[in-house]
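So the structure is just underneath, and the comments pick up after that.
Number of protein chains: 6
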Amino acid sequence: MATLPLLSDEEMNPEARAVLDDIRATRGSDFINNFWRALAHDPALLRATWERLKVVMAPGTLDPLTKEMLYIAVSVANGCEYCVHSHTAAARAKGMTPAQHGELLAVIGMAAQTNALASALQVPVDEVFTA
Amino acid sequence: MATLPLLSDEEMNPEARAVLDDIRATRGSDFINNFWRALAHDPALLRATWERLKVVMAPGTLDPLTKEMLYIAVSVANGCEYCVHSHTAAARAKGMTPAQHGELLAVIGMAAQTNALASALQVPVDEVFTA
Amino acid sequence: MATLPLLSDEEMNPEARAVLDDIRATRGSDFINNFWRALAHDPALLRATWERLKVVMAPGTLDPLTKEMLYIAVSVANGCEYCVHSHTAAARAKGMTPAQHGELLAVIGMAAQTNALASALQVPVDEVFTA
Amino acid sequence: MATLPLLSDEEMNPEARAVLDDIRATRGSDFINNFWRALAHDPALLRATWERLKVVMAPGTLDPLTKEMLYIAVSVANGCEYCVHSHTAAARAKGMTPAQHGELLAVIGMAAQTNALASALQVPVDEVFTA
Amino acid sequence: MATLPLLSDEEMNPEARAVLDDIRATRGSDFINNFWRALAHDPALLRATWERLKVVMAPGTLDPLTKEMLYIAVSVANGCEYCVHSHTAAARAKGMTPAQHGELLAVIGMAAQTNALASALQVPVDEVFTA
Amino acid sequence: MATLPLLSDEEMNPEARAVLDDIRATRGSDFINNFWRALAHDPALLRATWERLKVVMAPGTLDPLTKEMLYIAVSVANGCEYCVHSHTAAARAKGMTPAQHGELLAVIGMAAQTNALASALQVPVDEVFTA
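Residue numbers (the numbering used here), protein chains in the order written: chain A, 1 to 131; chain B, 1001 to 1131; chain C, 2001 to 2131; chain D, 3001 to 3131; chain E, 4001 to 4131; chain F, 5001 to 5131.
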């Protein structure tokens, strides 16, 4: 259960509904995932979040699949159950193969491990890295 | 300052020195960054960490630059100062452009934000994501 | 399921039961939430935690609702599902309005985002901030 | 040292410079802290971050000091050195007293502790919290 | 639900199956917990993780129970629900008493609290600690 | 630099000074580390923190060195630079050998890695762990 009830299209106000319409149009799909239905209690926050996400995740010098995998990496490190699920699903929809998924997991696990070791050792940053 | 003194080549034992030789050979560079000099107090841990890193970061279905950017993403989320610096330097050495760096930062920032919102809302995972 | 069974009033020992009696008296309610029933396996830890919480969350130069919102902010950042739910409920009981909740979420999301950006950029602290 | 050089007003492009002009006008101060000088390498990210921050931190149903204290709480939990310093300075500038600062620290410390205990115990959420 | 289906012995390939056989032989038990059944989608990652875990958790200068309690401490701080449950169960199987569990929880809670206070205060490291 | 100036014995009030006297007496040493000098701005918080720490870290069913290593494990996972340094120094003072330190680091690194993998896979908790 969320800390706020998920709103159906009928329960949300027109400003929130307009954001969902744009999500549907942008994605070419009628499906709206729960995150947006929970955020819809605050239409201004819903709009700001969606408008920014649309810009950030659009194709650029990084392709959409790479962006989804980066999103997964951050979400895993932050322990966000919802986000790990939603962005793993999104990455698959954008073509992530099982082999790529495996390599993604291996990098995430390795990074977590050396992050911990560097933290335990409090290694000073090499001057060459900050030049 | 680290929690352990950084060891010079002369101060470490032969097993640790052999790992550094392999790092140098693999990277085609004489430079050894501080992380390995701190880890060298425990040659077995040094060897296990390096051997695994070599496998994980090798080219595969994900290219080395993508892997470095994923490493940055995890390191940022974990707040590891050393790791953010070392892997940002590594990503640049592997060709990350300023535009790619900017998009990487934007995705990391966006993910941190929606991770926090999903956590605050405790959004339940959509069934379709776990099918 | 918890890592320890939740104890009913009858199952806990008198020292733990005395703490629950004080929780009930302080809150003016018979309801005891699960956190305390899990902690009751260790009456000394239960007592120390409750005694300190009572002091910390009492009205002071910060009002109780502000304290609950601060508690939510920390709990969200730490990804604590139980704590987000329990302190969101507590904040509502203390008068948090939907508009305040929305602003709280917006600040938490913004902070998470700029925390990540500052971590990714490893921005040095301005001297003026430490004067 | 940051992962990118801090840009002076002269080194940044006009789009970034325009954002700094707005920061100065909004704050009624010529001082620009390092965060913005690091972000200025990516004017679009700089602008999006500032524009959103301006909205989120504006007075609303929560007053600006409460928002700064919430920002501190998140920044502490995320271990962001830069953010803890900059927002503690900002909270003081907005009138946070030593007594309020002390209570803020006490709540943050308490929340961190019970977050850890709830995580260690994996306490199930009470039904009443999700009604 | 996991982000990948849990594989039965029959569904995984021979390389993954061989790792499970070694887990069973090492532990002297037929039971295989879900973590390995999810990892089995990537036999190389499964093998690397298990082979390393076997070395790290073996008796050494620290006894196996101490290692399990350290594992719990890290898992709690990282908010890993699965890991808290699995390593608490493992610690009990290795003899952790209720009194030891209580003291473990008290230390974890105390550390979380002073970590937060040190982060909020940004206390500079004493020179004597780095000598 | 801390967010508050470190107070010398002469600068702090008598209540804070009394806590420092107890720290000195308990530890049998005149040295007071920076953490307490920063906390001394709020004597009540200083006292509550020290009084609790004294109880939690006292010998019990877990020995003081084990408790210090657990403290390190939590501090590493939380990325607390100050705490990692101070508790590593404390663990050495209580007899932690280089070999024990190496094993501690190995467990911390391993736990961080499997925490990340379990988070990425969102592995459901085995029923047997919650029985």
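A virtual CB, placed ideally from N, CA and C, is assigned to each residue, including glycine.
Since we're looking at a predicted model, the values are computed, not measured.
- Here Ala1016 (chain B) has Ala1040, Pro1043, Leu1046 as same chain residues with Cβ atoms under 6 Å from its own Cβ, once five neighbours each way along the sequence are excluded.
- Listed along chain A are Ala112, each with a C-beta nearer than 7 Å to that of Asn5115 (chain F).
- 9 Å or more divides the Cβ of Met5069 (chain F) from the Cβ of Leu4117 (chain E).
- DSSP places His2101 (chain C) in the uninterrupted alpha helix (DSSP H) bounded by 2098-2121.
- For the segment 4019-4045 of chain E, the set of residues with a beta-carbon nearer than 7 Å to any beta-carbon of chain A comprises His4041, Asp4042, Leu4045, in chain order.
- Non-local beta-carbon contacts of Lys94 (chain A) in its own chain, meaning distances under 7 Å to residues more than five positions away in sequence, involve Pro64, Leu65, Glu68 in chain order.
- Residues of the segment 1078-1107 of chain B with a C-beta atom less than 7 Å from some C-beta of chain C are Gly1079, Glu1081, Val1084, His1085, Leu1105, listed in chain order.
- Between the alpha carbons of Asn4013 (chain E) and Leu53 (chain A) lies a gap of roughly 39 Å.
- Taking a cut-off of 8 Å on C-beta distances, the segment 3081-3099 of chain D does not touch the segment 1095-1109 of chain B, as fewer than three cross pairs fall below it.
- In terms of beta-carbon proximity, Val4128 (chain E) stays away from the interface with chain B, with every pair separated by 9 Å or more.
- Close partners of Thr3 (chain A) in chain C (Cβ separation under 7 Å): Val2084, His2085, Thr2088.
- Annotated as distal: Val2128 (chain C) and Tyr3082 (chain D), with beta-carbon spacing of 9 Å or more.
- Of all alpha-carbon atoms in A:Glu51, A:Ala90, A:Val56, the one lying nearest the alpha-carbon of Asn33 (chain A) is that of A:Ala90.
- When the Cα atoms are used, Phe5031 (chain F) and Ala5073 (chain F) turn out to be separated by approximately 25 Å.
- Contact between Ala4112 (chain E) and Ala4077 (chain E) is confirmed by a C-beta separation of about 7 Å, below the 8 Å threshold.
- Around the CB of Thr1026 (chain B), fewer than 16 other CB atoms lie within 10 Å, so the residue is classed as exposed.
- The C-alpha of Ala5018 (chain F) is placed about 15 Å away from the C-alpha of Gly5028 (chain F).
- For Glu5010 (chain F), no alpha helix (DSSP H) segment is defined, and its DSSP state is neither H nor E.
- Runs of alpha helix (DSSP H) with 4 or more residues, each lying fully within the segment 28-83 of chain A, are found at 34-39, 43-56, 64-77, listed in chain order.
- Rounded to whole angstroms, the gap between the alpha carbons of Arg2092 (chain C) and Thr3130 (chain D) is 12 Å.
- The closest CA to that of His2101 (chain C), considering only D:Val3056, D:Thr3088, D:Cys3080, is found on D:Val3056.
- If you ignore the 5 residues before and after Leu20 (chain A), its C-beta comes within less than 6 Å of the C-beta of Ile32, all in its own chain and listed in chain order.
- Look at Ser8 (chain A): its C-beta is not under 9 Å from any C-beta on chain B.
- For Leu121 (chain A), the nearest CB of chain F lies under 9 Å from its own CB, placing it at the interface with that chain.
- Straight-line measurement puts the Cα of Ser1086 (chain B) at about 19 Å from the Cα of Asp1022 (chain B).
- By the Cβ neighbour-count rule, Ser1075 (chain B) is buried, with 16 or more other Cβ atoms within 10 Å of its own.
- Annotation: Cβ neighbours of Val2076 (chain C) in chain B (cutoff 8 Å, chain order): Ala1116, Ser1119, Ala1120.
- Interface annotation, Ala3048 (chain D): in contact with chain B, CB-CB separation under 9 Å.
- It is roughly 12 Å from the alpha-carbon of Ala3002 (chain D) to the alpha-carbon of Trp3036 (chain D).
- Across the structure, Thr1114 (chain B) and Cys5080 (chain F) are spaced so that their CA atoms are roughly 24 Å apart.
- Exclusion of the five residues before and after Thr2049 (chain C) leaves Leu2039 as the residues of its chain whose Cβ lies within less than 7 Å of its Cβ.
- At a cut-off of 9 Å, the C-beta of Ala1073 (chain B) has a neighbouring C-beta in chain A.
- For Lys5067 (chain F), the chain E residues whose C-beta falls within less than 8 Å of its own C-beta are Glu4103, Val4107, listed in chain order.
- Val5125 (chain F) sits in coil when the DSSP states are folded into three classes, being neither helix nor strand.
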